[in-house]
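Take a look at the structure set out below.
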Amino acid sequence: MLLLTIETSCDETAAAVVRDGRQVLSNIVASQIAIHAEYGGVVPEIASRRHMESIVQVVDEALRTAGVAMADLEGIAVTRGPGLIGALLVGLCAAKGIAAGRGIPLVGLHHIESHLLAIFLEQEVEFPFIALVVSGGHSHLYEVTGIGRYRTLGQTLDDAAGEAFDKVAKLLGIPYPGGAEIDRLADEGNPAQVRFPRPLLHDGSLNFSFSGLKTAVLSHLRQHPDQRSGQALNDLCASFQAAVCDVLVAKAAAALAATGCQRLVVAGGVACNSGLRRAMASMADRNGIELSIPSPGLCSDNAAMLAVAGDWYLRHCHGGGLGLDAVATWPLDAVTPALAEDC
Ligand code: KG4
Ligand code: ZN
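FYI, numbering that gives the first Met the number 0 numbers position 326 of the sequence shown as 325, with every residue one higher than the one before it.
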């Protein structure tokens, strides 16, 4: 099945063409980062307007790069939620327009489901596996027993991991979104220089909490206002990143142990982090765990990642059709019942 996929849940206007849920023919991402950086974060109204300006061009480019015509498409998958409602609506309306115009089926997908299945575009992973999804809006651990079969094991009680990276970056004077820049500076720093707290490390749950860590960085900066540059900044970035990674790795290991699962998938924008990738690889090595992390381009927001679930649902269900609405909040565990209505 030749699918067009569209993603506009936050600040990336993205479209892709994928064959049979695996073969990526194009994957176009138009980032709005430069626009939002001026405000220190995503401004929802500006994001919606920018999606409207870009969506037609991005879809056209996805088709052109893939070398296919609109008439060749056999289905459409679009992000339905969770995300910024105005931003989601732009992608959803574009998808409905094309589906109605071409008379092809449409399915609305969960953004986090797309992130955690992105790995299938590069390799097959056997079920069951544990998925750690770490992005700007999510820090969740799931047990995945099949497509559409997700059980939440733990989640953040406050800030998401990406949010923590971005907020700490802001404290350090690094422009939004600062995750990738912290990663780069941390590479030159000493992770043992400042001992930041590891929140909830030993609480026995599989939950996360990152807002206290952000406050710890703020208190440290108040005591050492001169550490926002040079080697001291590199050391701060490395020390903060080490604290986040220690917690993410320990909780992922605990989820594997609690379920007896032998496979781990790490996904979402924060899975680009080089320190996290290294730390997860060494934990997996020590514990005999099969670890899979997508290439960075498939970790951060993109449209190709929708094709895995999109292809599956369109084969097994009717999809949501033209009555689909966007949803700002949507627990992943509720995905199967919602889509099952159409199955
Ligand atoms: O998955 P994503 O592209 O969008 C959401 O669904 O949120 O994730 C974006 C998040 C941002 O918070 C960004 O700072 C973070 O991922 N991020 C990183 C890195 N690259 C992106 N965080 C740490 N290290 C990185 N290399
Ligand atoms: Zn995302």
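Backbone N, C-alpha and C define an ideal beta-carbon position, used for all residues, glycine too.
When Cβ pairs closer than 8 Å are counted between the two stretches, the segment 171 to 182 is seen to touch the segment 23 to 43, the count reaching three or more. Placement of the Cβ of G74 at a distance of 8 Å or more from every heavy atom of the ligand KG4 is found. Under DSSP, N286 forms no beta bridge with any residue. At a cut-off of 8 Å, the beta-carbon of L275 counts as near the ligand KG4: some heavy atom of the ligand is closer than that. Remark: C-beta atoms of E162 and N233 do not approach each other more closely than 9 Å.
Taking C-alpha positions only, E123 is separated from S113 by approximately 15 Å. Between the alpha carbons of M304 and D284 lies a distance of about 27 Å. Proximity to the ligand ZN was defined by a C-beta distance below 5 Å to any of its heavy atoms, and the residues meeting it, in sequence along the chain, are S134, D300.
Here V77 is not near A61, since their CB atoms are 9 Å or more apart. Closer than 8 Å to some heavy atom of the ligand KG4: that describes the Cβ of I181. In this structure, the ligand KG4 has a non-hydrogen atom nearer than 8 Å to the beta-carbon of C9. Restricting attention to beta strand (DSSP E) runs no shorter than 3 residues, the segment 142 to 209 encloses them at 148 to 154, ordered along the chain. Less than 9 Å separates the beta-carbon of L170 from that of K213. When rounded, the separation of the alpha-carbon atoms in V326 and G107 is 10 Å.
Rounded to whole angstroms, the Cβ separation of L120 and V58 is 19 Å, and the two are not in contact under 8 Å. Remark: C-beta atoms of L323 and L91 approach each other more closely than 9 Å. For T12, the pairing in a beta bridge is given by DSSP as A29.
In this structure, the ligand KG4 has a non-hydrogen atom nearer than 8 Å to the beta-carbon of N272. When only Cα atoms are considered, V307 and A266 end up about 14 Å apart. For D300 against G268, the beta-carbon gap comes to about 7 Å, under 8 Å, which counts as contact. Per DSSP, reduced to three states, the secondary structure at G39 is coil, with no helix or strand assignment.
Along the segment 86 to 117, the alpha helix (DSSP H) occurs as fully enclosed runs of 4 or more residues at 110 to 116, listed in sequence order.
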